[in-house]
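Number of protein chains: 2
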Amino acid sequence: MAKTKLIPRTSSAYDPPLLIKTLFAQAVRYNPQREIVYRDLFRMNYTTFDKRVRQLANVLTNAGVEAGDTVAVMDWDSHRYLEAFFAVPCLGAILHTINVRLSPAQILYTMNHAEDKVVIVHEDFVPILEAIKGQLTTVEKYIIISDKVYTHPEAEIIATTFALEGEYEQLVNDANPEFEFADFEEDSIATTFYTTGTTGNPKGVYFSHRQLVMHTFCLLAYFPGYRALPLDNRDVYMPITPLFHVHGWGFPLLATMLNFKQVYPGRYEPEMLLKLLLKEKVTFSHCVPTILNMLVNSPVAKQVDLSKWNVLIGGSALTRGLAKAALELGINVTQGYGMSETAPIMSVVHLNEEQEKLSIEEQLEFRTKAGKIAPFVELRLMDDDGNFLPHDGETVGELVARGPWMTQGYYKDAEASEKLWAGGWLHTGDVATIGPDYYVTIADRVKDVIKTGGEWVSSLDIENLLSQIEGVAESAVVGFPDIKWGERPHAILVIKPDYQGKLTPESIKSTLQAKVDCGEINRWYVPDQIKFVPEIPKTSVGKIDKKRIRSEMREMILSN
Amino acid sequence: MAKTKLIPRTSSAYDPPLLIKTLFAQAVRYNPQREIVYRDLFRMNYTTFDKRVRQLANVLTNAGVEAGDTVAVMDWDSHRYLEAFFAVPCLGAILHTINVRLSPAQILYTMNHAEDKVVIVHEDFVPILEAIKGQLTTVEKYIIISDKVYTHPEAEIIATTFALEGEYEQLVNDANPEFEFADFEEDSIATTFYTTGTTGNPKGVYFSHRQLVMHTFCLLAYFPGYRALPLDNRDVYMPITPLFHVHGWGFPLLATMLNFKQVYPGRYEPEMLLKLLLKEKVTFSHCVPTILNMLVNSPVAKQVDLSKWNVLIGGSALTRGLAKAALELGINVTQGYGMSETAPIMSVVHLNEEQEKLSIEEQLEFRTKAGKIAPFVELRLMDDDGNFLPHDGETVGELVARGPWMTQGYYKDAEASEKLWAGGWLHTGDVATIGPDYYVTIADRVKDVIKTGGEWVSSLDIENLLSQIEGVAESAVVGFPDIKWGERPHAILVIKPDYQGKLTPESIKSTLQAKVDCGEINRWYVPDQIKFVPEIPKTSVGKIDKKRIRSEMREMILSN
Chain W
1 MAKTKLIPRT SSAYDPPLLI KTLFAQAVRY NPQREIVYRD LFRMNYTTFD
51 KRVRQLANVL TNAGVEAGDT VAVMDWDSHR YLEAFFAVPC LGAILHTINV
101 RLSPAQILYT MNHAEDKVVI VHEDFVPILE AIKGQLTTVE KYIIISDKVY
151 THPEAEIIAT TFALEGEYEQ LVNDANPEFE FADFEEDSIA TTFYTTGTTG
201 NPKGVYFSHR QLVMHTFCLL AYFPGYRALP LDNRDVYMPI TPLFHVHGWG
251 FPLLATMLNF KQVYPGRYEP EMLLKLLLKE KVTFSHCVPT ILNMLVNSPV
301 AKQVDLSKWN VLIGGSALTR GLAKAALELG INVTQGYGMS ETAPIMSVVH
351 LNEEQEKLSI EEQLEFRTKA GKIAPFVELR LMDDDGNFLP HDGETVGELV
401 ARGPWMTQGY YKDAEASEKL WAGGWLHTGD VATIGPDYYV TIADRVKDVI
451 KTGGEWVSSL DIENLLSQIE GVAESAVVGF PDIKWGERPH AILVIKPDYQ
501 GKLTPESIKS TLQAKVDCGE INRWYVPDQI KFVPEIPKTS VGKIDKKRIR
551 SEMREMILSN
Chain H
1 MAKTKLIPRT SSAYDPPLLI KTLFAQAVRY NPQREIVYRD LFRMNYTTFD
51 KRVRQLANVL TNAGVEAGDT VAVMDWDSHR YLEAFFAVPC LGAILHTINV
101 RLSPAQILYT MNHAEDKVVI VHEDFVPILE AIKGQLTTVE KYIIISDKVY
151 THPEAEIIAT TFALEGEYEQ LVNDANPEFE FADFEEDSIA TTFYTTGTTG
201 NPKGVYFSHR QLVMHTFCLL AYFPGYRALP LDNRDVYMPI TPLFHVHGWG
251 FPLLATMLNF KQVYPGRYEP EMLLKLLLKE KVTFSHCVPT ILNMLVNSPV
301 AKQVDLSKWN VLIGGSALTR GLAKAALELG INVTQGYGMS ETAPIMSVVH
351 LNEEQEKLSI EEQLEFRTKA GKIAPFVELR LMDDDGNFLP HDGETVGELV
401 ARGPWMTQGY YKDAEASEKL WAGGWLHTGD VATIGPDYYV TIADRVKDVI
451 KTGGEWVSSL DIENLLSQIE GVAESAVVGF PDIKWGERPH AILVIKPDYQ
501 GKLTPESIKS TLQAKVDCGE INRWYVPDQI KFVPEIPKTS VGKIDKKRIR
551 SEMREMILSN
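Residue numbers (full-length UniProt numbering), protein chains in the order written: chain W, 1 to 560; chain H, 1 to 560.
Right under this line is the structure:
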């Protein structure tokens, strides 16, 4: 490293570490009268939120939580989760956001692996814990959550056989509202959660206070200069990405720091989400395509005004078909790109001055890209030998990343960590192109790309084509071995109710063949087999589960 | 410190330091077609800017500059200065922004003290260097700047007796446009400059890369949540604060990172500034009150539309009179607060939803405050014994600060550094109140506050009163010893040309006495002596020089 001069420090001078408590300090500075809302059950302003976070810190301290301990949460998206987002890390403890969609065996694995000491659990998830509690090796105490305290305060909370510290709402209300959060090193672990790979046990990623502060700044930097995130001073924010999933993509930290009105929807039911969205005048959300698809296709969506709603899509690819359907309802939809290991944001779509003037149809090309590379993130393309490839918008390679908020490894898994960081770059496992305009376009997952007759075909490209055929609700494309071509694409489709019986696999093939005939697409893009299915298998975070499709549906797909 | 768990790092993992080069990397990512303009002499887009910064890095490297060396700049506000803002620190070298308004002896002192190795100097300042060059102990090479290269390329540049490396524009144009900036520690010194205190030699403050990155984030954080800085994606930025003064308050780094159109005006002549402002459609500037006063009182100001212009005032107090005059011209004027030692921003006025609805007259109260405490800054009030005082909006104490961008000391001056950081808090030397709404109101400088009859009277309060009397252009109030009252306020005033002969010191006193009679102000606010003067002494950065007023004008003021 270059031999620079370091700043001399006066012995009494103070240089603060970058801690989540510095974000939390902003919660009451600007518009503390704004509200944080949980469904139609609870609402408070930021002054109360500030108090409750300090009360929760006292509750946890009383329960024996110390700096370095892990506190796990199993809850629907709620104000309580947001309180834990701040109280736990500000104590110097580690927040483990448990993925409640994992199997009980996987949840057990992650809880023992993360060494959870105290668990805050919604009564809906008590049965899971009852089933595994004999095998939990580190948990000492449980705090139970119930929504009944808001609706039926007299009702009894689910009976448990746990070492219960008490009920969340009562503990918080009874606690001392004074708590001064101490300083500690900015490289302290603030959060951990688990990603489910294609093989083996879930892998734990972890983020430091500094990394989460820097990620929040990245989101901030998107606003005034780039307007990639269509956020504003008066925005009302409602995440529709589970808070256990990469801290709700980091936006709850930002929204709290900026004193936005925040709305937490609990669990996701389309009509309830739409009702809440309209009632609370929500202007900004983020979700995976599946959720947007569900909302767009809800009968209610067509009867209400969604033109004030901005949605950032991530998690898996936004197809042109879905983007168009959303835009036609007036929803301002764009896409971002990230992963659990990257906290998660690495790029967000930003239409520049010229692109903003394009027609909706022309804008689809940009809106469905992975986005422009985020501030302070470096993204490069790498070939199999570790060489960098040109950013010409055409050359395809594996996307590798660097930046101030990339996980520094998988917890207690040196082998997977070294593989993730091979050559000093974080390997995303995605195949992509990067344009000279810093736009990233994901071609496919490294493991999902289909090699057919010497050509690399992106399964996402074919899914995009299929999404634009009228009547197709969803699609998934996978490759299977082929003696002649090496590999060939195959597709499963979900057909919209109105189109049942009107469309056939053959009619879909003909539609694609017509595009081949007029030179719009290459002939190897037409799947060998097309099968209609009632549902497409998804992972616990709502992504298309191609691993399961390849294993469990193989015979069905390949049958004639 | 609390015993947290630190993030484990995989050996191959990469966690980037916070460097100015990460801000610079943004310059070409979003709207690289936007322009950087120097008067009517030079304009380029960000792609060219990116190239020229790398060329300048090669020029400096060729001139022998290495990481840890100091490069000084003496220039008017220009695109070249902005290029040095990035090229010098990105090399790991230290940018010394010389205050060209200091006396040659002071400039000599700062250049030797900072150990300048290479000096980039505009030909206008060559005479200063010629006068002191025999005493410069560390300078090895000079790069000369001339505006003639844009207007009279054939004209000769001023003759010098220096070790000239060459002329800036030619050196840059001839240099290799490829330069990859290396990584180094984020605590490396990036910049240094000198503050002139009331006694002794100028004192050098210094800022690290990390500190300047964090300060830029602070400015960013003001946008979307708080809208304190009325900036937008499409803004056109023109600083009217010298770039040698606390890096132009940090905004050039922000504007570059956000790809704003930037306009650099060279030297400050009211008509030229207004012309440039209108021609380039400038929407955001910052300056000291003196400059705004000069522009507001320019005959041109009343003939043009200034309603798109947003101005942030700092450096010294924005009086109600000046704020009103600016608002009446349609200028959106607010105030911020900071100092050289704090990089500089510590607070900026932010009108909340209710305050925005107030009348202009009612808004004056807020717009002329020092502002709401900036994101990530801690400000407290301290008494003489080091005790914290309440934030009730009434209790007066010395303002002390902490935050991620406070200078860690004065360069090679341990004694002054320890005093600055007494008790682990940076002492601002300002007396203030802080409200429960996080609003700071500066009462006075610690050394300028007037103690009269047991009351503390703020000289700024009296100046504010005087500024609102029709015909008063500027005022300064100082305290002089008084046998009966301990100390009494005295005022000097500059009267607007149209009011010469119409106002007298007695009529001013009567106006104030009328306010006493109706109970609007306390009687001890009426200055003992009021004297009309042609001009108010100012420091090199445009602040009222009360030290000189107290020493040089004492007899004149106290005379009957």
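From the three backbone atoms N, C-alpha and C, an ideal C-beta is built for every residue, glycine too.
All of these numbers come straight from a predicted model, not from anything done at the bench.
Classify residue i: buried if its beta carbon has 16 or more other beta carbons within 10 angstroms, exposed otherwise.
| i | result |
| --- | --- |
| GLU362 (chain H) | exposed |
| THR283 (chain W) | buried |
| GLU341 (chain W) | buried |
| HIS152 (chain H) | exposed |
| TYR499 (chain W) | exposed |
| TYR150 (chain H) | exposed |
| GLN211 (chain H) | buried |
| TRP309 (chain W) | buried |
| MET214 (chain H) | buried |
| GLY200 (chain W) | exposed |
| GLU169 (chain W) | buried |
At a Cβ threshold of 7 Å, is residue i touching chain W?
| i | result |
| --- | --- |
| ARG29 (chain H) | yes |
| ARG9 (chain H) | yes |
| MET1 (chain H) | yes |
| LYS5 (chain H) | yes |
| THR22 (chain H) | yes |
| GLN26 (chain H) | yes |
| PHE480 (chain H) | no |
| ILE36 (chain H) | no |
| SER285 (chain H) | no |
| ASP187 (chain H) | yes |
Considering just the uninterrupted stretch of the alpha helix (DSSP H) at residue i, what are its terminal residues?
| i | result |
| --- | --- |
| ALA514 (chain W) | 505-517 |
| LEU219 (chain H) | 209-221 |
| LYS148 (chain W) | 148-151 |
| GLN106 (chain H) | 104-114 |
| HIS79 (chain H) | 79-90 |
| GLU417 (chain W) | According to the sequence displayed, residue 417 (chain W) carries Ser and not Glu. It spans 414-420 - the alpha helix (DSSP H) in which SER417 (chain W) sits, taken as one unbroken run. |
Please list, in chain order, all residues of the same chain as residue i whose beta carbon is under 6 Å from its beta carbon, the five residues on each side excluded.
| i | result |
| --- | --- |
| TYR337 (chain H) | MET346, SER347, ALA370, GLY371 |
| THR256 (chain H) | ALA27 |
| MET44 (chain H) | ILE36 |
| LEU512 (chain H) | VAL526 |
| TYR237 (chain H) | ALA255, PHE260, GLN262, PHE284 |
Return the first residue and the last residue of the beta strand (DSSP E) that residue i is part of.
| i | result |
| --- | --- |
| SER347 (chain W) | 345-348 |
| LEU41 (chain H) | Looking at the DSSP string, LEU41 (chain H) is not in any beta strand (DSSP E), and its letter there is neither H nor E. |
| MET257 (chain W) | Run containing MET257 (chain W): none in the beta strand (DSSP E); it sits in the alpha helix (DSSP H), 251-257. |
| GLY321 (chain W) | Per DSSP, GLY321 (chain W) belongs to no beta strand (DSSP E); it is in the alpha helix (DSSP H), 320-328. |
Could you tell me whether the Cβ of residue i comes closer than 7 Å to any Cβ of chain H?
| i | result |
| --- | --- |
| TYR14 (chain W) | yes |
| GLN262 (chain W) | no |
| ARG402 (chain W) | yes |
| TRP421 (chain W) | yes |
| GLY409 (chain W) | yes |
| PHE251 (chain W) | no |
| GLY424 (chain W) | yes |
| PHE184 (chain W) | yes |
| SER347 (chain W) | no |
Excluding the 5 residues preceding and the 5 following residue i in the sequence, name in chain order all residues of the same chain whose CB lies nearer than 7 Å to its CB.
| i | result |
| --- | --- |
| THR10 (chain W) | none |
| ASP77 (chain H) | PRO239, PRO242, LEU243, TYR264, PRO265, GLY266 |
Return the residues of the stretch 204-218 of chain W that lie within a Cβ-Cβ distance of less than 7 Å from chain H, sorted by chain order. TYR206, SER208, PHE217
Contact list for the stretch 369-389 of chain H against chain W, Cβ threshold 9 Å:
LYS372, ILE373, PRO375, PHE376, GLU378
Q. Using a Cβ cut-off of 7 Å, which residues of the stretch 66-91 of chain W contact any Cβ in chain H, in chain order?
A. ALA67, GLY68
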